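In the numbering used here, the protein residues as written are 4 to 141.
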């Protein structure tokens, strides 16, 4: 990590929608793993590469991935890839306080619509829990 940081012209930051520039500190993660024998490329390398190839200008991710943005900005700077803007949103939570995720069996918005919920009702679910998460949709 120190060698990578030494190649930069100055400190890294990113534009967070609604919050201005946010300073990055990728060194806090130590040496980030970019590839292993069992995984040809890491999440960090794949998403930054895909964003660059696809011309993504606004990256919207959950709050749980905010810290990873520091590593993504480092990769973008080292590879000469463009810097998108970022928007990190609160996670939608189920009644157990855990995040709603496809991998955990949470219903996708499309299914909620098929079940008869209106977009307004789905937004109300998302805004209704104490942590800004949806409670009944799990």
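For glycine and all other residues, C-beta sits at the position ideal for the given N, C-alpha and C.
Since the model is a prediction, treat every value here as computed from it, not as a measurement.
Taking the alpha carbon of residue 22 as the point to measure from, which residue in 77, 89 and 120 has its own alpha carbon closest?
-> For the residues 77, 89 and 120, the minimum Cα distance to residue 22 belongs to 89.
Exposure label - residue 44; buried when at least 16 CB within 10 Å | For residue 44, the number of other beta carbons within 10 angstroms of its own is below 16, and it is reported as exposed.
Cα-Cα, which of 111, 40 and 76 is closest to residue 30?
-> Across the set 111, 40 and 76, the C-alpha of 76 shows the shortest separation from the C-alpha of residue 30.
Start and end of the alpha helix (DSSP H) containing residue 63?
-> Counting along the chain, residue 63 falls outside any alpha helix (DSSP H), though it belongs to the beta strand (DSSP E) covering 61-65.
Buried or exposed for residue 1, please, with buried defined as at least 16 other CB atoms from any protein chain shown within 10 angstroms of its CB.
-> The question about residue 1 has no answer here: the residues shown for the chain are numbered 4 through 141.
Look at the alpha carbon of residue 79 and the alpha carbon of residue 119, and state the distance between them as a whole number of angstroms.
-> Answer to the nearest angstrom: the Cα atoms are 42 Å apart.
N-terminal and C-terminal residue of the alpha helix (DSSP H) that residue 26 is part of | Residue 26 -> not in any alpha helix (DSSP H); beta strand (DSSP E) instead, spanning 23-26.
Roughly how many whole angstroms lie between the Cα atoms of residue 72 and residue 27?
-> Rounded to whole angstroms, residue 72 to residue 27 spans 8 Å at the Cα level.
Give the single residue among 64, 123, 12 and 9 whose Cα lies nearest to the Cα of residue 91.
-> The option with the nearest alpha carbon to residue 91 is 64.
Neighbour-count burial assignment, residue 14, 16 or more Cβ in a 10 Å radius = Exposed is the call here.
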